[in-house]
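S.K.: The structure is given below, and queries will be raised subsequently.
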Amino acid sequence: MGATYIGRFAPSPTGPLHAGSLVAALASWLDARAHGGRWLVRIEDVDIPRCAPGAAETILQQLTACGLVPDEEPVWQSRRGALYQAALDQLVSESRAYPCACSRKDIEEALAAQGHPRARHAELVYPGTCRLGLGGRPARAWRFKTEPGLIEWHDRRLGAQQQDLAREVGDFVLKRADGLWAYQLAVVVDDAQQGITQIVRGEDLADNTARQIVLQQALRLPTPGYLHTALVLGPNGEKLSKQNGARPLDTSRPLLALNAAAQVLGLPEQRLSTAQALASWQAQWRDSYNLPGD
Ligand code: GLU
70 MGATYIGRFA
80 PSPTGPLHAG
90 SLVAALASWL
100 DARAHGGRWL
110 VRIEDVDIPR
120 CAPGAAETIL
130 QQLTACGLVP
140 DEEPVWQSRR
150 GALYQAALDQ
160 LVSESRAYPC
170 ACSRKDIEEA
180 LAAQGHPRAR
190 HAELVYPGTC
200 RLGLGGRPAR
210 AWRFKTEPGL
220 IEWHDRRLGA
230 QQQDLAREVG
240 DFVLKRADGL
250 WAYQLAVVVD
260 DAQQGITQIV
270 RGEDLADNTA
280 RQIVLQQALR
290 LPTPGYLHTA
300 LVLGPNGEKL
310 SKQNGARPLD
320 TSRPLLALNA
330 AAQVLGLPEQ
340 RLSTAQALAS
350 WQAQWRDSYN
360 LPGD
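Written out as C-alpha cells, the structure is:
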C-alpha cells in the first residue's frame, strides 16, 4: 500500500447527484478509505454556462447525507483561474501550446479539403491549421500541441490502455474561445496541486486519460494511478444522466442509495454497512494496490 493516498471526487455541478454519480463518489471514497488515505471533493464549475445554480451546495449536502464527508474543505475550480493561467503560460513559453483562430466551421472546411468525411455530432480532430500561425486572424482559443505516437497507461479495472492522441484527438483545447478553461487543463493542474495519487471515476471519462497524461508530462507533474468504474445505464442503454431521466438521489434513504451504488461496483452484499463495503472493496481490489502510481 502506498505511504500516502489522496483520492478525490470531482463533480460538475450541472445538477444534483443521481444514482450514477453516487457510484463514482462511493468508489473514490471506498478506495481512499481502503488505503487509509484522504478523500477530497472538488467542485468542477469551470464550465459556468452548464452549472445549475445551487447544485454544488446540493451535491455537498447529498454526500454528507450518505456519510461521504471530505477530509478538507472542497475546492472550487471557478476560483482557481490563476493556477490554470500559470500552467498555460508555462506551456506557451515552452512551445507546447499555441493560439488558434479557427471556428468550428473553419475546422470542418479544413477537414473536408483534406478529404475527411464530415461526421455529424462527432468530435472533430483538429487539423493543426494554426500551428503554422494565425494568418492575421485574432486568436480565439489555446491548444495543446500533440505529438505522434501511442500513449499507454494501466487502468486498475480496464487493464492496458492506449491512444494515438495526435491521430484520434488532435491538438486539443486548453482555453476555450469563450475564455473559459477547458476541463483537461483544470483537472490536471488541480489533481497535481491537491497531491492526488489515485483517480477513481466513471468509465465514461476513461478516454480523457491520455490527454491528461500528456499534459502532466508536459507540465512535469506526476501521473496518478487510474481506476475507471462501471457505469449505471439509463433506460436507453446509455450512461445515466440528467438528460436521460436520472432522478436526483433520494437522500432520505441513504442506505438504499448506497447499496444500489455498491452493487454497480460489484460489491455483492445486500444492506451492507460501510465497514462491510470497505472489506469487500479491499478484497476485490487487493491485487491492484501496488501498481505504479499507487
Ligand atoms: N467533473 C467531471 C464530471 O463530473 C469529472 C472529472 C474527473 O473525475 O476527472 O464528469
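By the numbering used here, the letter at position 278 of the sequence shown is numbered 347, and the numbering carries on one by one without gaps. All residues carry an ideal CB built from backbone N, CA and C; glycine is no exception. On a predicted model such as this, the values are computed, not experimentally measured, just so you know.
(1) Pair every Cβ in the stretch 131 to 151 with every Cβ in the stretch 162 to 181, then say whether three or more of these pairs are closer than 8 Å.
(2) Identify, in the order they occur along the chain, each residue of the same chain with its Cβ nearer than 8 Å to the Cβ of A103, setting aside the five sequence neighbours on each side.
(3) Counting pairs of beta carbons, one from the stretch 288 to 307 and one from the stretch 111 to 123, are three or more of them closer than 8 Å?
(4) Between which two residues does the beta strand (DSSP E) holding E221 run?
(5) Does the ligand GLU have a heavy atom nearer than 7 Å to the CB of E216?
(6) Quick one: residues with CB closer than 6 Å to any heavy atom of the ligand GLU, in chain order, please.
(7) Please state whether DSSP places Q231 in a helix, a strand or coil.
(8) Between which two residues does the alpha helix (DSSP H) harbouring G151 extend?
(9) Of all the beta strand (DSSP E) runs that stay within the bounds of the stretch 277 to 303, which reach a length of 3 or more residues?
(10) Note the first and the last residue of the continuous beta strand (DSSP E) segment covering G89.
(11) Would you list the residues sitting across from P317 in a DSSP beta bridge?
(12) Rounded to whole angstroms, what's the CA-CA distance from G362 to A182? Just pull it up for me.
(13) Check whether the stretch 195 to 202 touches the stretch 269 to 285, counting contact only when three or more Cβ pairs, one atom from each stretch, lie closer than 8 Å.
(14) Measure the CB-CB distance between A57 and A88 and report whether it falls below 8 Å.
(15) Which class does V333 belong to by DSSP, given the choice of helix, strand or coil?
(16) Going by the DSSP bridge assignment, what does P250 pair with across the sheet?
(17) Who are the near neighbours of G239 in its chain, counting only those whose CB is closer than 6 Å to its CB and skipping five residues on each side?
M.R.: Reading it off the structure:
(1) no
(2) L347, W350, Q351, W354
(3) no
(4) 219 to 224
(5) no
(6) A79, P80, S81, E113, V256, R270, L274
(7) strand
(8) Per the sequence shown, the amino acid found at residue 151 is Ala instead of Gly. First-last of the alpha helix (DSSP H) with A151: 150 to 162.
(9) 294 to 298
(10) It is not in any beta strand (DSSP E) - G89 instead sits in the alpha helix (DSSP H) that spans 88 to 103.
(11) H87
(12) For G362, the predicted structure reports a pLDDT of 45, less than 50, and the residue's modelled location is therefore unreliable. A value from the coordinates is still provided. The straight-line gap from Cα to Cα measures roughly 43 Å.
(13) no
(14) It is not possible to answer for residue 57, since the shown part of the chain is limited to 70 through 363.
(15) helix
(16) According to the sequence displayed, residue 250 carries Trp and not Pro. DSSP, once it has assigned bridges, lists K244 as partnering W250.
(17) V194, Y195
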